[in-house]
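Trainee: The structure is given below, and queries will be raised subsequently.
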Amino acid sequence: MTSCHCRLKAADDPAVIVGLAVHFARSALTHSVSLPVSVCDRLTKAVEAGDPACRSVAEWLGDLGLLDPKPQLSAEEGGR
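Here the sequence shown is numbered in this note's numbering, starting from 605 and rising by one per residue.
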């Protein structure tokens with residue numbers, strides 16, 4: 605077992621969230637299933653917290669039709 609003095613739980617780490625989202629997106633596309641709600645929720649929270657990698661993945665998933673764009677994503681896109 606490993607221990608560290610991280611303030612972030614592993615499941616809330618943006619890198620872990622991105623990895624899970626990409627993994628489940630591949631499965632969702634292959635098997636025509638939805639993304640797990642828990643992955644979508646964590647990704648949305650990370651986007652709302654301002655994580656740029658999670659935002660990019662959320663936009664990609666939205667383009668694939670796997671994630672409904674949240675109002676915050678849509679509003680911010682207009683500002684580009």
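By construction, the Cβ of each residue, glycine as well, lies at the ideal position given by its N, Cα and C atoms.
1) Measuring CA to CA, which of 673, 672, 665 is closest to residue 627?
2) Compute the Euclidean distance between the alpha carbons of residue 637 and residue 625, then round it to the nearest angstrom.
3) Using a Cβ-Cβ cutoff of less than 8 Å, which residues in the same chain neighbour residue 619 once the five nearest sequence positions on both sides are dropped?
4) Assign residue 669 to one of three DSSP states: helix, strand, or coil.
Mentor: Based on what the coordinates show:
1) 665
2) 13 Å
3) 657
4) coil
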